Amino acid sequence: MAEIISMPKLGFDMAEGTLVRWVKKTGETVNKGEVLAEIETDKAKVEVESSASGVVRKLLVDEGAVVPVNTPIAIVGSAEEVIQESGKQGLGKQGETEKRESSIESPKPEILQSAILNLQSPIVKASPLARKIASDKKVDLSWITGTGPGGRIVRRDIDTALAGGTNLQSSILDPQPPAMDQTVSMSKLRQAIARRMTESKNTIPHFYVTHEYKMDPLMDLRAQFNKIVPEIEKLSVNDFIIKAVALTLRQFPNLNASLNGRLVLHHGQVNVGVAVSIEGGLLTIVCRDADQKPLRQVAAEVKAMAARAREGKVKPDDIEGSTFSISNLGMYDVENFTAIINPPEAAILAVGSAREVPVVEDGVVKPGWRMKATISVDHRVSDGVEAARFMQALAVFLEEPLRLVI
Numbered sequence: 004m005a006e007i008i009s010m011p012k013l014g015f016d017m018a019e020g021t022l023v024r025w026v027k028k029t030g031e032t033v034n035k036g037e038v039l040a041e042i043e044t045d046k047a048k049v050e051v052e053s054s055a056s057g058v059v060r061k062l063l064v065d066e067g068a069v070v071p072v073n074t075p076i077a078i079v080g081s082a083e084e085v086i087q088e089s090g091k092q093g094l095g096k097q098g099e100t101e102k103r104e105s106s107i108e109s110p111k112p113e114i115l116q117s118a119i120l121n122l123q124s125p126i127v128k129a130s131p132l133a134r135k136i137a138s139d140k141k142v143d144l145s146w147i148t149g150t151g152p153g154g155r156i157v158r159r160d161i162d163t164a165l166a167g168g169t170n171l172q173s174s175i176l177d178p179q180p181p182a183m184d185q186t187v188s189m190s191k192l193r194q195a196i197a198r199r200m201t202e203s204k205n206t207i208p209h210f211y212v213t214h215e216y217k218m219d220p221l222m223d224l225r226a227q228f229n230k231i232v233p234e235i236e237k238l239s240v241n242d243f244i245i246k247a248v249a250l251t252l253r254q255f256p257n258l259n260a261s262l263n264g265r266l267v268l269h270h271g272q273v274n275v276g277v278a279v280s281i282e283g284g285l286l287t288i289v290c291r292d293a294d295q296k297p298l299r300q301v302a303a304e305v306k307a308m309a310a311r312a313r314e315g316k317v318k319p320d321d322i323e324g325s326t327f328s329i330s331n332l333g334m335y336d337v338e339n340f341t342a343i344i345n346p347p348e349a350a351i352l353a354v355g356s357a358r359e360v361p362v363v364e365d366g367v368v369k370p371g372w373r374m375k376a377t378i379s380v381d382h383r384v385s386d387g388v389e390a391a392r393f394m395q396a397l398a399v400f401l402e403e404p405l406r407l408v409i
């Protein structure tokens, strides 16, 4: 049976996505799990994998189109399959020698008008990705001739312009005088962050608990491990923290949870979201079942997902399904900070730098490694005592790090 591929919903607040590029064309073979298209959401550029194997029978939307979630974008089926006018798919009779040409019911114009929107200004037509690149590179779109559908300016037109191609008439804007004010448009990612964080702070009653951790054993163990493994397999402090948080969350299901009205959903999986800095903002990648994976696997997966995020090639599973998040600014020499909860999660952990500082032990001042972390918690779901107990339990794993590798 032919299968309809729809615009995926990546996140509870995603309403639409831009189809940036078709990786597979009509008539090409695609296997289940292969990349079918690239889409751009408020968060990132995402590779959409085919949920079926077969032949791409029909591409239902053009590159550059903005499509609401769950809207059909393609049909994948067998080469011999007949697509019924009614929209139901079925195979022709066995032994049939005369092949009927596939016929797919086209969406009505009024449906297309409301379902597939094109982001364009009154002056020029350009894809969202082209607009972003033009803004970043200071390219004047009004001087570029579009080669996309309907004369739309697409990414290749910007690339041609920057390379000195013929479709560039006078594109690079004159630099603004240093003392002049400049108005900069917010990227889609930054707009999404602004919307989600405003919603979080306005609707979630945050409270915060800070704890300082003794990191000497963990820093020693990490140094020993990193001496004997290849560069690509070296562990970061954050890898230890992810694993420690995941194991601690097993004891605190109320913090590995989401609020839905008056109901609290305790998640069966411990999927730890990790905030990654990318161009234009932050993206949360997700280490699934982090409590069940060896530390080295956690590190390898997070490193691979972070690389894909920075290259704009994340997969849907990379960024969806987190049940608890970590925001680590330790690499920026930050002592302590608080993070905003990523809805609909119940809590987030903000991690500062592991620092070598003067400490007092048994009345003697000596150097020691210390790290501060602050948990932000939804007060509708939990309270200060539970949060404090979580931070104490986390200390067991961070201060006795052999527990994370055995």
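Residue numbers for the sequence shown follow my numbering, so the first one is 4 and each next one is one higher.
The beta carbon of each residue, even a glycine, is placed where N, CA and C say it ideally should be.
All values derive from a computational prediction rather than experimental measurement.
Backbone secondary structure at residue i - three-state DSSP
{"i": "Asp184", "result": "coil"}
{"i": "Val301", "result": "helix"}
{"i": "Arg373", "result": "strand"}
{"i": "Pro11", "result": "coil"}
{"i": "Phe340", "result": "coil"}
{"i": "Glu83", "result": "coil"}
{"i": "Lys217", "result": "strand"}
{"i": "Val388", "result": "helix"}
{"i": "Ala55", "result": "coil"}
{"i": "Ile409", "result": "coil"}
{"i": "Asp45", "result": "coil"}
{"i": "Val399", "result": "helix"}
{"i": "Leu258", "result": "coil"}
{"i": "Gly315", "result": "coil"}
{"i": "Phe393", "result": "helix"}
{"i": "Pro152", "result": "helix"}
{"i": "Ile207", "result": "coil"}
Residue i burial status per 10 Å Cβ neighbour count (16 or more: buried)
{"i": "Val363", "result": "exposed"}
{"i": "Ser35", "result": "Looking at the sequence provided, one finds Lys at residue 35 rather than Ser. With fewer than 16 other Cβ atoms within 10 Å, it is exposed."}
{"i": "Ile196", "result": "buried"}
{"i": "Asn331", "result": "buried"}
{"i": "Glu202", "result": "exposed"}
{"i": "Met10", "result": "buried"}
{"i": "Leu405", "result": "exposed"}
{"i": "Ser145", "result": "exposed"}
{"i": "Lys135", "result": "buried"}
{"i": "Thr21", "result": "buried"}
{"i": "Asp184", "result": "exposed"}
{"i": "Glu52", "result": "buried"}
{"i": "Gly57", "result": "buried"}
{"i": "Ala312", "result": "buried"}
{"i": "Ile156", "result": "buried"}
Spatial distance of residue i from residue j (CA atoms)
{"i": "Leu39", "j": "Leu192", "result": "23 Å"}
{"i": "Ser54", "j": "Thr186", "result": "43 Å"}
{"i": "Gly80", "j": "Arg60", "result": "6 Å"}
{"i": "Val64", "j": "Ala129", "result": "16 Å"}
{"i": "Ser261", "j": "Glu236", "result": "33 Å"}
{"i": "Ser1", "j": "Pro131", "result": "Residue 1 lies beyond the residue range present for the chain, which begins at 4 and ends at 409; the question has no answer from this structure."}
{"i": "Pro361", "j": "Met394", "result": "23 Å"}
{"i": "Met200", "j": "Arg265", "result": "22 Å"}
{"i": "Thr213", "j": "Met222", "result": "21 Å"}
{"i": "Ser1", "j": "Gln194", "result": "Because the chain is modelled from 4 through 409, residue 1 falls outside the range shown and cannot be assessed."}
{"i": "Phe210", "j": "Leu286", "result": "23 Å"}
{"i": "Met218", "j": "Asp365", "result": "18 Å"}
{"i": "Pro233", "j": "Ala278", "result": "25 Å"}
{"i": "Gly271", "j": "Leu252", "result": "11 Å"}
{"i": "Lys141", "j": "Asp162", "result": "13 Å"}
{"i": "Thr410", "j": "Leu401", "result": "No answer is possible for residue 410: the residues shown for the chain start at 4 and end at 409."}
{"i": "Ser379", "j": "Ile344", "result": "7 Å"}
{"i": "Gly276", "j": "Pro346", "result": "12 Å"}
{"i": "Val384", "j": "Lys204", "result": "15 Å"}
{"i": "Phe243", "j": "Trp25", "result": "39 Å"}
{"i": "Lys12", "j": "Val49", "result": "11 Å"}
{"i": "Pro198", "j": "Val408", "result": "The sequence given here places Arg at residue 198; Pro does not occur at that position. Their Cα atoms are separated by approximately 39 Å."}
{"i": "Arg133", "j": "Thr148", "result": "Residue identity check: residue 133 is Ala in the sequence provided, not Arg. Spanning the two alpha carbons is a distance of roughly 12 Å."}
{"i": "Leu268", "j": "Gly284", "result": "29 Å"}
{"i": "Gly355", "j": "Met17", "result": "31 Å"}
{"i": "Lys430", "j": "Glu83", "result": "For the chain, the structure presents residues 4 to 409; residue 430 sits outside this window and is missing."}
{"i": "Pro370", "j": "Ala247", "result": "24 Å"}
{"i": "Ser190", "j": "Val388", "result": "40 Å"}
For residue j and residue i, believed in contact at Cβ under 8 Å, the rounded distance
{"i": "Thr150", "j": "Arg159", "result": "7 Å"}
{"i": "Asp294", "j": "Met308", "result": "Not quite, the Cβ-Cβ distance comes to about 17 Å (not below 8 Å), so this is no contact."}
{"i": "Val289", "j": "Glu314", "result": "About 17 Å; that fails the 8 Å criterion."}
{"i": "Pro71", "j": "Glu19", "result": "5 Å"}
{"i": "Val23", "j": "Glu41", "result": "5 Å"}
{"i": "Ile329", "j": "Ile245", "result": "6 Å"}
{"i": "Ala353", "j": "Thr341", "result": "6 Å"}
{"i": "Ala435", "j": "Tyr216", "result": "The structure shown does not extend to residue 435, since the chain is modelled only from 4 to 409, so the question has no answer here."}
{"i": "Ala77", "j": "Val317", "result": "Actually they do not touch by this definition, with Cβ atoms about 20 Å apart."}
{"i": "Ala302", "j": "Leu238", "result": "5 Å"}
{"i": "Asn274", "j": "Arg291", "result": "5 Å"}
Residue i CB to nearest heavy atom of the ligand COA below 7 Å
{"i": "Arg291", "result": "For the ligand COA, the structure offers nothing, since it holds no ligand at all."}
Ordered list of alpha helix (DSSP H) runs contained in the segment 221–255, each at least 4 residues: 240–252
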